[in-house]
Ligand SMILES: [Zn+2]
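Residue numbers (the numbering used here): 53 to 203.
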């Protein structure tokens, strides 16, 4: 059987393939990453995935993600992987995992939380990964994935 994912990967000279995003999340992911003009961005949505039914995929030419971007992508779903491509070859594959803490990439939904008033980077302790549930380090509010606004 032809592996379509590998085919798409080899078509990219330098850049990153974000694979196995949950279906429908590609545009959200692009919002997090931003986009520098001039480079090719290929977005596949609701592609067939043998493992998970459906998935989204993004191909970014001439782009490797930084730590903050990876942390944001991690919030979107549990199965996401990154493949870093250099000169048409996959030089690294990275599973995008949520650690024990989410720092600085999301805002606390509690309007009275100190992080919404002082110039303080947010910190959330991860209580549960799937579905995502975190607790604000400062106000101790428990925040669900839907409430967590990624910045
Ligand atoms: Zn808070």
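Here a beta-carbon is modelled for each residue, glycine too, at the ideal position from N, C-alpha and C.
For clarity, every value in this text was computed on a predicted model and none was experimentally measured.
(request) Reducing DSSP to helix, strand and coil, say where residue 167 ends up. (result) For the purposes of this step, residue 167 is taken as the residue at position 115 of the chain shown. Helix, per DSSP.
(request) Indicate, with yes or no, if ligand 1 has a heavy atom lying under 8 Å from the CB of residue 174. (result) Taking the chain shown and counting its residues from 1, one reaches residue 174 at position 122. Because some heavy atom of ligand 1 lies under 8 Å away, the Cβ of residue 174 counts as near it: yes.
(request) Please name the residue in 89, 103, 101 and 111 whose C-alpha comes closest to that of residue 79. (result) For the purposes of this step, residue 79 is identified with residue 27 of the chain shown, where counting begins at 1. Residue 79 has its Cα closest to that of 111, out of 89, 103, 101 and 111.
(message) Using only CA atoms, which one of 113, 132, 151 and 96 lies nearest to residue 140?
(response) The count along the chain shown starts at 1 and reaches residue 140 at position 88. Measuring from the Cα of residue 140, the nearest candidate turns out to be 113.
(request) Taking only heavy atoms of ligand 1 into account, decide whether any of them is closer than 8 Å to the Cβ of residue 92. (result) Reading the chain shown from its first residue, position 40 is the one you call residue 92. Placement of the Cβ of residue 92 at a distance of 8 Å or more from every heavy atom of ligand 1 is found.
(message) Can you tell me where the alpha helix (DSSP H) holding residue 121 begins and where it ends?
(response) As a working note, residue 121 is residue 69 in the chain shown. Run containing residue 121: 119 to 128, per the alpha helix (DSSP H) assignment.
(request) Using a threshold of 9 Å, state whether the C-beta atoms of residue 120 and residue 81 are closer than that. (result) The residue you call residue 120 lines up with position 68 of the chain shown. The residue you call residue 81 lines up with position 29 of the chain shown. Taking 9 Å as the cut-off, the Cβ atoms of residue 120 and residue 81 do not count as close.
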